[in-house]
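Asks:
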Amino acid sequence: MGSVAKFLLAFLCINIWPQATEALRFQFRVQTANAHDFLRVHNNARKQIGLPPLEWDEKLAEFARHTANLRAVSGCGMIHSNGPYGENIFWGGGKQLWGGRFAVKSWSHEKKFYNHKTNSCVPGHMCGHYTQIVWKDTKRVGCARAACTNGGGHLIICNYDPPGNWLGEKPY
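Written out as structure tokens, the structure is:
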């Protein structure tokens, strides 16, 4: 390697490496903060009915990121991955930056439409997002958000392991 190439390499390492590592540290802080936001709302819903808290799982978050990114570049359809995990999907339109807290709260608000005695939703309403959040056997969650490439808002996906919402079984 010539002296000019060595100089350029040294220059780049000295001047760019600190910014790159700081960007990675910032990205990690943002992801960690988002994980806490997602977890806090999930675990508040579970605490209300006496269930243990969920743990964050980066493997599930990566699965959610992959699915969200695929959907984001193909029209942002709320299409389930049909993967090995339980899954909740949220879409928020417009320019607003939709966050994990809002998505999980919207799913948690389905509690009012769930009848535990009959293990069913109030007719005309959804409650399956809520029942996945409070599924007694679920231990781990991982979530991600992706911006729709068509400018049509954001998708937020959470994956759950073990999955819930088994036909004929109550969540708790």
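Read left to right, the sequence shown gives residues 269 to 440 (my numbering).
Glycine included, each C-beta is placed from N, C-alpha and C at the ideal position.
No experiment lies behind these values; they were computed from the predicted model shown.
#1: Leaving out five residues on either side along the sequence, give the residues of the same chain with a beta carbon under 8 Å from the beta carbon of Met394.
#2: Looking at the secondary structure, which residues open and close the alpha helix (DSSP H) in which Trp359 lies?
#3: Which of the three DSSP states is assigned to Leu402 in this structure?
#4: Leu338 lies in the beta strand (DSSP E); which residues open and close that run?
#5: Taking its Cβ as the centre, do 16 or more other Cβ atoms sit within 10 Å of Asn383, making it buried, or is it exposed?
#6: Could you tell me the alpha carbon to alpha carbon distance between Ala339 and Phe358, rounded to whole angstroms?
#7: Taking DSSP as the reference, what is the three-state secondary structure of Leu307?
#8: At a cut of 8 Å, does the region 359-374 reach the region 383-392 through at least three beta carbon pairs?
#9: Which of the three DSSP states is assigned to Gly368 in this structure?
#10: Would you mind stating whether Glu323 and Arg408 have Cβ atoms separated by less than 8 Å?
#11: Short of 6 Å in beta carbon distance, which residues of its chain neighbour Pro431, apart from the five on each side in sequence? Order them along the chain.
#12: Out of Ser376, His334 and Thr335, state which residue places its alpha-carbon closest to the alpha-carbon of Leu307.
#13: Can you tell me the Cα-Cα spacing of Leu365 and Tyr440, whole angstroms?
#14: Given this structure, state the Cα-to-Cα distance separating Val402 from Arg314, to the nearest angstrom.
#15: Out of Asp405, Asn418 and Gln316, point me to the one whose CA is closest to Cys344's CA.
Replies: By the coordinates alone:
#1: As a first step, residue 394 must be located in the sequence shown, where it is residue number 126. Glu378 and Phe381.
#2: Taking the first residue of the sequence shown as 1, we reach residue 359 at position 91. Residue range Gly354 to Gly360 is occupied by the beta strand (DSSP E) that includes Trp359, with no alpha helix (DSSP H) assigned at that position.
#3: Reading the sequence shown from its first residue, position 134 is the one you call residue 402. Going by the sequence as given, residue 402 is Val instead of Leu. Of the three classes helix, strand and coil, the one that applies to Val402 here is coil, per DSSP.
#4: As a first step, residue 338 must be located in the sequence shown, where it is residue number 70. According to the DSSP assignment, Leu338 belongs to no beta strand (DSSP E) but to the alpha helix (DSSP H) extending over Glu326 to Ala340.
#5: Numbered from its first residue, the sequence shown carries residue 383 at position 115. Asn383 is exposed by the Cβ-count criterion.
#6: In the sequence shown, counting from the first residue as 1, residue 339 sits at position 71. In the sequence shown, counting from the first residue as 1, residue 358 sits at position 90. The sequence as given places Arg at residue 339; Ala does not occur at that position. Roughly 12 Å separates the two Cα atoms.
#7: Position 39 of the sequence shown, counted from the first residue, corresponds to residue 307. DSSP places Leu307 in helix when its eight states are reduced to three.
#8: Short answer: they don't touch.
#9: For the purposes of this step, residue 368 is identified with residue 100 of the sequence shown, where counting begins at 1. In the three-state scheme derived from DSSP, where H, G and I count as helix and E and B as strand, Gly368 is classed as helix.
#10: Start at 1 with the first residue of the sequence shown, and residue 323 comes out as number 55. Start at 1 with the first residue of the sequence shown, and residue 408 comes out as number 140. Yes, the Cβ-Cβ distance between Glu323 and Arg408 is below 8 Å.
#11: The count along the sequence shown starts at 1 and reaches residue 431 at position 163. Around Pro431: Tyr353 and Gly354.
#12: Stepping through the sequence shown from its first residue, residue 307 is reached at position 39. Each of Ser376, His334 and Thr335 was checked against the Cα of Leu307, and the nearest Cα belongs to Ser376.
#13: Walking along the sequence shown from the start, residue 365 turns up at place 97. Walking along the sequence shown from the start, residue 440 turns up at place 172. The alpha-carbon of Leu365 is positioned some 33 Å away from that of Tyr440.
#14: Within the sequence shown, residue 402 is the residue found at index 134, counting from 1. Within the sequence shown, residue 314 is the residue found at index 46, counting from 1. In this structure, the alpha-carbon of Val402 lies about 5 Å from that of Arg314.
#15: Sequence index remark: in the sequence shown, residue 344 carries index 76 (1-based). In terms of CA proximity to Cys344, Asn418 leads the group Asp405, Asn418 and Gln316.
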